[in-house]
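Student: Numbering (the numbering used here), first residue to last: 139 to 368.
All C-beta atoms, glycine included, are put in the ideal place defined by N, C-alpha and C.
Please read these numbers as outputs of a predicted model, since none were measured by experiment.
1) Against chain B, with Cβ distances strictly below 8 angstroms, would residue 225 count as a contact?
2) Name, in chain order, the residues that DSSP records as bridge partners for residue 281.
3) Out of curiosity, what's the CA-to-CA distance linking residue 282 and residue 155?
4) Can you round the beta-carbon distance between residue 167 and residue 253 to whole angstroms, since I take them to be within the 8 angstroms contact cut?
5) Buried or exposed: residue 140, going by 16 or more other Cβ atoms within 10 Å of its Cβ?
6) At what residues does the alpha helix (DSSP H) containing residue 269 begin and finish?
7) Less than 6 angstroms between C-beta atoms, sequence neighbours within five positions excluded: which residues of the same chain meet that for residue 241?
8) Output needed for residue 183: all residues of its chain with C-beta closer than 6 angstroms, excluding positions within five of it in sequence on either side, in chain order.
9) Considering residue 168, what are the terminal residues of the beta strand (DSSP E) in which it resides?
10) So, helix, strand or coil for residue 255, using DSSP?
11) Pull up the distance between the alpha-carbon of residue 310 and that of residue 162, whole angstroms please.
12) Look at the alpha carbon of residue 257 and the alpha carbon of residue 318, and state the distance between them as a whole number of angstroms.
13) Indicate the three-state DSSP secondary structure (helix, strand or coil) for residue 339 in the structure shown.
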């Protein structure tokens, strides 16, 4: 999908058909953030906020939280804004049209979410820079919820999971061509690392106590915490 194409307005419906358990991912993320942040009033950073699913889910449950929501796609941010307006939450959300790489401010956040973004960052070195910058905006001891597509495309289990995921998508009304475009993006616009590589990156970028809380085919989600100063 091209994120600045008008077709992004179909995202809210299509992504639910593509990802098995999509609403559950965001529901669990929201509940984990509630327990990990443990504040009635908190300020959160949402990276890749376009579409608005995490904003809608968290803002509806946590009336005292405020959010800075960043995304590089104007149409996706507009979609998020429409959805959060329905929840009457826009007075608590700052929308920023930017990438994390270009984002700059002095605030430290009580928690960060970054769902379904990291696999679009190309190269392990760039992923590390991305996570290092992300860590610079989190208070020591504060949580990060992170979800991405992981795996080794040369492995047998990857092939099996991709085949099963294809069957799932088609059963939900996704066209064969759409799946093939997704499959062809792996190694191009979708850059994957293994879970082992991801965990090493998180440790090297000041995160600890990493736990997996969601898996769906090749999508994994983790909660971790910024390391406290010793």
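Tutor: On the basis of the coordinates in this document:
1) Of the protein chains in this structure there is only one, and it is not chain B.
2) 363
3) Each residue's Cα considered, the two are about 26 angstroms apart.
4) 7 angstroms
5) In this predicted model, residue 140 has a pLDDT of only 48, less than 50, meaning its place in the structure is not dependable; the value taken from the coordinates is given anyway. With fewer than 16 other Cβ atoms from the protein chains shown falling within 10 Å of its own Cβ, residue 140 counts as exposed.
6) 262 to 273
7) Setting aside the 5 residues that flank it on each side, residue 241 is surrounded in the same chain by 208, each with a C-beta closer than 6 angstroms to its C-beta; the list follows chain order.
8) Residues of the same chain with a CB within less than 6 angstroms of the CB of residue 183, apart from the 5 flanking positions on each side, are 206, 247, 250 and 275 in chain order.
9) Taken as a continuous stretch (DSSP letters only), residue 168 belongs to no beta strand (DSSP E), being part of the alpha helix (DSSP H) at 160 to 175.
10) coil
11) 17 angstroms
12) When the Cα atoms are used, residue 257 and residue 318 turn out to be separated by approximately 18 angstroms.
13) helix
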